[in-house]
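Asker: Pasting in a structure now, in structure tokens, and then I'll have a few things to ask.
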Amino acid sequence: MITSTVEDYLKALFLLDPNGEKRIATGELAKATNVTPGSATAMIKTLAEAGLVRHRPHYGVQLTTTGRNLAVHVVRRHRIVELFLVQILGMDWGEVHDEAEKLEHAVSNEVIERMDALLGHPTADPHGDPIPNASGELPRRSLTQLSACKEGDHVSVARIHNQDTEFLKFAEESGLLLGAKITISSKSDHADSITLLSGEHKVTLGLASACRIEVEHA
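As structure tokens, then:
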């Protein structure tokens, strides 16, 4: 039986390596799931015995095809629930992550598909994270980190990786909502900062924060 705990571990592994290109260290997985390394090691053994991950001591862990398929569908449920909570129930985009963490395990596949249809089969959640389709395929987009943009570039906000409530509140107050058109006013590698114009807002971000925002070029 696939428990909610198993789903959480599989989802964490997928989010740490969406493309399936590397092995995840036990410590990295423990940090992502907020458990001790010992607990993560025990769960990795359980997942390996169930054929959901491949694991070699000192070489890390990687999802098998079966494990990845399960993980992708958990991610799909989570992101559809987030969008439903924002668009249908009117919740703030900074509040929905924790609620979706609980609901993703409780909502049936039938309900998820009805939510998906009601929302118009969306391809991204409220933060711009891609929503896998019913077959588990992720939509492809060509995005650039805001920190990599140059002075004078015209771009639109496409994804925000930092889902900390305070950062999302700052982004909203600064006009950095998804789809917002922004112009790079100036950039200083020496000062580790980038200044943007978004509507009536002029915002200066540290490059570390700008790395957490992805954009599309106009």
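Residue numbers (our numbering): 73 to 290. Heads up, the beta-carbon is just placed ideally off N, CA and C, and yes, glycines get one too.
Exposed or buried, what is residue 150 when buried is set at 16 or more other beta-carbons lying within 10 Å of its beta-carbon?
Answerer: Buried, by the Cβ-count rule.
Asker: Within the same chain, show all residues whose beta-carbon is closer than 7 Å to that of residue 256, passing over the 5 residues directly before and after it, in chain order.
Answerer: Only 221, 222, 223, 224, 225, 266, 268 meet the Cβ criterion.
Asker: Do you know offhand how far residue 290's Cα is from residue 276's?
Answerer: Straight-line Cα distance between these residues: approximately 21 Å.
Asker: Can you grab the Cα-Cα spacing for the pair residue 232 / residue 88, in whole Å?
Answerer: Each residue's Cα considered, the two are about 16 Å apart.
Asker: For residue 144 and residue 208, which I take to be in contact (beta-carbon distance under 8 Å), what is that distance rounded to the nearest angstrom?
Answerer: With 8 Å as the limit, residue 144 and residue 208 qualify as a contact, their Cβ atoms being about 4 Å apart.
Asker: Measure the alpha-carbon distance for residue 287 versus residue 180 and round it to whole angstroms.
Answerer: Taking the straight line joining both Cα atoms gives about 33 Å.
Asker: If we call anything under 9 Å between Cβ atoms a contact, is residue 203 one with residue 148?
Answerer: Cβ distance < 9 Å, so residue 203 and residue 148 count as in contact.
Asker: Can you tell me whether residue 223 is helix, strand or coil according to DSSP?
Answerer: It is coil, neither helix nor strand.
Asker: DSSP on residue 98, reduced to helix/strand/coil?
Answerer: Reduced to three states, the DSSP call for residue 98 is helix.
Asker: To the nearest angstrom, how far is it from the Cα of residue 196 to the Cα of residue 250?
Answerer: Between residue 196 and residue 250, the C-alpha separation is close to 10 Å.
Asker: Can you give, in chain order, each stretch of the beta strand (DSSP E) that sits fully within the segment 96 to 175 and has at least 3 residues?
Answerer: Counting whole runs of 3 or more residues, the segment 96 to 175 contains the beta strand (DSSP E) stretches 125 to 128, 132 to 135.
Asker: Is the separation between the beta-carbon of residue 270 and that of residue 252 shorter than 9 Å?
Answerer: It is a contact, given that the beta carbons lie within the stated cut-off.
Asker: Determine the contact status of residue 152 and residue 184, defining contact as a CB-CB distance below 9 Å.
Answerer: Yes, Cβ-Cβ distance for residue 152 and residue 184 is below 9 Å.
Asker: Tell me, which residues are paired with residue 289 by DSSP?
Answerer: 227, per the DSSP bridge assignment.
Asker: Once DSSP output is grouped into helix, strand and coil, what is the label at residue 184?
Answerer: Residue state, collapsed to three classes: helix.
Asker: Give every residue of the same chain whose Cβ lies closer than 6 Å to the Cβ of residue 230, excluding the five residues on either side of it in the sequence, and list them in chain order.
Answerer: Excluding sequence neighbours, residue 230 sits near 200, 215, 286, 287, 288.
Asker: Residue 173 and residue 157 - do their beta-carbons sit closer together than 9 Å?
Answerer: Result no, Cβ atoms of residue 157 and residue 173 do not sit closer than 9 Å.
Asker: Can you name the start and end residues of the alpha helix (DSSP H) that residue 76 belongs to?
Answerer: Residue 76 -> alpha helix (DSSP H) spans 76 to 88.
Asker: Which residues does DSSP pair with residue 196 in a beta bridge?
Answerer: Its beta-bridge partners are 202.
Asker: What does the alpha-carbon distance come out to for the pair residue 105 and residue 278?
Answerer: So the two alpha carbons sit approximately 27 Å from each other.
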